[in-house]
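Chains as they are written, first to last, in the working numbering: chain A, 6 to 432; chain B, 2 to 176.
Glycine included, C-beta positions come from ideal geometry on N, C-alpha and C.
Bear in mind the structure is a predicted one, so any value in this text is a computation, not a measurement.
A quick write-up on the structure given underneath.
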């Protein structure tokens, strides 16, 4: 019987099975940010165990509120910074070099097919785009990961999601994943891996695959996973060219992590995306979705473009194409947060930042900030935001505020019209 | 081992997320105790008051499906813990929240819908209380002169975490 990617990773990383159904895995990467790590650091210090299992396998970034906005966030940043220095963690990213963790760490080439990855952040599932098992965890799991390099899981069964057909104009990975979540429901993949397959995924860039996997958690999924292929190799090539004689050799090695043809899935779902419309959320749960035709015209106060879901260069390019030469509605505040400094610089070099600023957008530094209502674009009571982020929970971007999740293209069209708008007429 | 049981806070809705349990703006607190006033601050339910007596006196929460979905923040179990709530009983949990509860030595107990409905049938009794014995995997609910004993499943690993007082101590001894 064949194995899924997740099963292969579990088998190869198994350290212990203390009880039937619980598997303790060796970790390849433990990622840390300044919101969930400081309490783990404080607890390790209080226990007299201020150690790290391997400083080269720990990656740390200050990203949620940066530069610090007040004394409390400055203290959190300082705790992470001091800890990284104390333990000689080389891959630590501070102001000037920092960006949204799930955009920054892949960009640095830290994630490889077959890896196990944890972080004290629910959107860690993003990294499954590389054919890795990547799971968000709480602070205690993170603490044990830092100290011991292991994490315990109930081995998740995989749901295979075949994305068939071809994406129509104006419809992107974000629309696909919102649609899939709408079909599965917010707990449709709890304790499961969501394995994204099919010609639509094969044709996607790594950026788009990360958008898909990023929102696996919004259906309850432990990790998203895409099959490693030549697209994966090309993305990682600058980081691995000294490790492999050729791209084909890298592909051959990465391919061992692909699910076997006769792997067994708990469920197999087939979706044809060829007739899909742009998708937008309407309520306070990510599975409350509507096609654009049923929600267009609904007014918004703010448009936010950024985050670990859709703050990558590809996303900025798509939005800029729509915004070029246009002004956003005077009733709308447009905020762009490129997800990393590299994305920011590349966008500047391509003239994208000019397009956003000419259109009337405020361009902020890379940070998670507004996505979870912490800084740089918090909503007031009763305000509505069109957002390329991942959660529309009540109050998520500010107490009493409402969020409509959508693609970068739809957000750009919405900014122009001041109300939820169909991007296809601008393409 | 923590003590489980006491007065009950009923939260009658599915998909209660960790942003509702503790909004992100309070994640800048460095100590668990500082989270205490903000429990369930953004949860909007008919008749529910996050600052009310029922919230203050509760030791157990009973809720519906997919409790604790969303963010991985362990601040959600912590804000319960510092308010004296050490067990949540629900039809199902989001994975990370469930693991966070057990990792802290607390209990996240899943029961089928009809058992949850039975627990909800005690909602209007002023003296409703639940006692939980994790080792024996039974819980007792009493109120309004009625009493029911319900057995539940818990994975052997999660039970071991509760008995060990959490995952850090357990893992540190073993790995």
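With three or more beta-carbon pairs closer than 8 Å as the criterion, would you say the segment 169-182 of chain A touches the segment 12-24 of chain A?
Result no; under three Cβ-Cβ pairs closer than 8 Å.
List the residues of chain A whose Cβ lies closer than 7 Å to the Cβ of residue 26(B), in chain order.
By Cβ distance, chain A contributes 378 and 379.
Shortest alpha-carbon distance to residue 243(A) belongs to which of 66(A), 284(A) and 255(A)?
Cα-wise, what sits closest to residue 243(A) is 255(A).
I want to see whether chain A comes within less than 8 Å of residue 56(B), judged by CB atoms only; does it?
By this cut-off, residue 56(B) is not an interface position.
Quick check on residue 382(A) - is its C-beta less than 8 Å from some C-beta in chain B?
Judged by the 8 Å Cβ criterion, residue 382(A) is not in contact with chain B.
Give the single residue among 398(A), 78(A), 362(A) and 183(A) whose Cα lies nearest to the Cα of residue 281(A).
The candidate whose alpha carbon is nearest that of residue 281(A) is 183(A).
Under three-state DSSP, which class holds residue 280(A)?
Correct three-state label for residue 280(A): coil.
Between residue 64(B) and chain A, is the shortest Cβ-Cβ distance under 8 Å, so that the two count as touching?
By this cut-off, residue 64(B) is not an interface position.
Skipping 5 residues on each side, what residues in its chain have a beta carbon closer than 6 Å to that of residue 88(B)?
Cβ within range, chain order: 5, 61, 108 and 133.
Looking at the secondary structure, which residues open and close the alpha helix (DSSP H) in which residue 141(B) lies?
Counting along the chain, residue 141(B) falls outside any alpha helix (DSSP H), though it belongs to the beta strand (DSSP E) covering 139-144.
Would you decide whether residue 78(B) is buried or exposed? Buried here means 16 or more other CB atoms lie within 10 Å of its CB.
Flag for residue 78(B) reads buried.
Give a yes or no on whether 8 Å exceeds the smallest Cβ distance from residue 151(A) to chain B.
Answer no: the Cβ-Cβ gap between residue 151(A) and chain B never drops below 8 Å.
Can you list, in chain order, the residues of its chain whose CB lies under 7 Å from that of residue 48(A), leaving out five sequence neighbours each side?
Only 148 meet the Cβ criterion.
Give me the chain B residues within the contact set of residue 399(A), using Cβ-Cβ distance strictly less than 8 Å, ordered along the chain.
Near residue 399(A) (Cβ distances below 8 Å), the residues of chain B are 20, 21, 43 and 45.
In angstroms, rounded to a whole number, what distance separates the CA positions of residue 236(A) and residue 130(B)?
Roughly 57 Å between the two C-alpha positions.
Measuring straight from C-alpha to C-alpha, what distance separates residue 99(A) and residue 386(A)?
Going by the C-alpha atoms only, they are around 32 Å apart.
Going by C-alpha to C-alpha distance, which of 46(B), 94(B), 98(B) and 159(B) sits closest to residue 113(B)?
Of the listed residues, the one whose Cα sits closest to residue 113(B) is 94(B).
With burial defined as no fewer than 16 other Cβ atoms inside 10 Å of the residue's Cβ, what is the status of residue 124(B): buried or exposed?
By the 10 Å Cβ count, residue 124(B) comes out exposed.
Report the residues of the segment 46-72 of chain A with a CB closer than 9 Å to any CB of chain B, ordered along the chain.
For the segment 46-72 of chain A, which is checked against every Cβ of chain B, the residues closer than 9 Å are 47, 48, 49, 52, 54, 69 and 70.
Below 9 Å between beta carbons is the criterion; list the residues of the segment 67-86 of chain B that meet it against any residue of chain A, in chain order.
Of all residues in the segment 67-86 of chain B, 67, 70, 71, 72, 73, 74, 75, 76, 77, 78 and 79 have a Cβ within less than 9 Å of some Cβ in chain A.
Within the continuous beta strand (DSSP E) that includes residue 29(A), where are the two ends?
Per DSSP, residue 29(A) belongs to the beta strand (DSSP E) from 27-31.
Please specify which runs of the alpha helix (DSSP H), each continuous and at least 4 residues long, are wholly inside the segment 47-117 of chain A, giving them in chain order.
Taking only runs of at least 4 residues, the alpha helix (DSSP H) segments lying wholly in the segment 47-117 of chain A are 76-91 and 106-112.
Classify residue 14(A): buried if its beta carbon has 16 or more other beta carbons within 10 angstroms, exposed otherwise.
Under this definition residue 14(A) is a buried residue.
Decide if residue 100(B) is buried, meaning its Cβ has at least 16 other Cβ atoms within 10 Å, or exposed.
It counts as buried.
With a threshold of 8 Å between beta carbons, is residue 126(B) in contact with chain A?
Judged by the 8 Å Cβ criterion, residue 126(B) is not in contact with chain A.
Which word fits residue 51(A), buried or exposed, when buried means at least 16 other C-beta atoms lie within 10 angstroms of its C-beta?
So residue 51(A) counts as exposed.
Residue ranges of each alpha helix (DSSP H) run of no fewer than 4 residues wholly in the segment 242-307 of chain A, ordered along the chain?
Listed in chain order, they are 252-259.
Starting from the beta carbon of residue 219(A), find every residue of chain B whose beta carbon is closer than 9 Å, and list them in chain order.
What residue 219(A) touches in chain B: nothing, since even the nearest Cβ is about 14 Å away.
Out of 335(A), 411(A) and 342(A), point me to the one whose CA is closest to residue 421(A)'s CA.
Of the listed residues, the one whose Cα sits closest to residue 421(A) is 335(A).
Any residues in the segment 143-163 of chain B with a beta carbon nearer than 8 Å to a beta carbon of chain A? Which ones, in chain order?
Within the segment 143-163 of chain B, the qualifying residues are 156, 157, 158 and 161.
Counting only beta-carbon atoms, is residue 176(B) nearer than 8 Å to chain A?
Interface residue, yes.
Please report the straight-line C-alpha distance between residue 157(A) and residue 150(A), rounded to a whole angstrom.
If you take the alpha carbons of residue 157(A) and residue 150(A), they lie about 10 Å apart.
From residue 123(A) to residue 112(A), what distance separates their C-alpha atoms?
One C-alpha to the other measures close to 17 Å.
Spell out a yes or no on whether the segment 359-370 of chain A and the segment 335-345 of chain A are touching, meaning 3 or more CB-CB pairs, one atom from each, closer than 8 Å.
Because the criterion of three Cβ pairs below 8 Å is met, the segment 359-370 of chain A and the segment 335-345 of chain A touch.
Around the C-beta of residue 253(A), are 16 or more other C-beta atoms found within 10 angstroms, so that it is buried, or is it exposed?
Flag for residue 253(A) reads exposed.
Which residue wins for smallest C-alpha separation from residue 388(A), given the options 251(A), 402(A), 121(A) and 315(A)?
Comparing Cα-Cα distances from residue 388(A) to each of 251(A), 402(A), 121(A) and 315(A), the minimum goes to 402(A).
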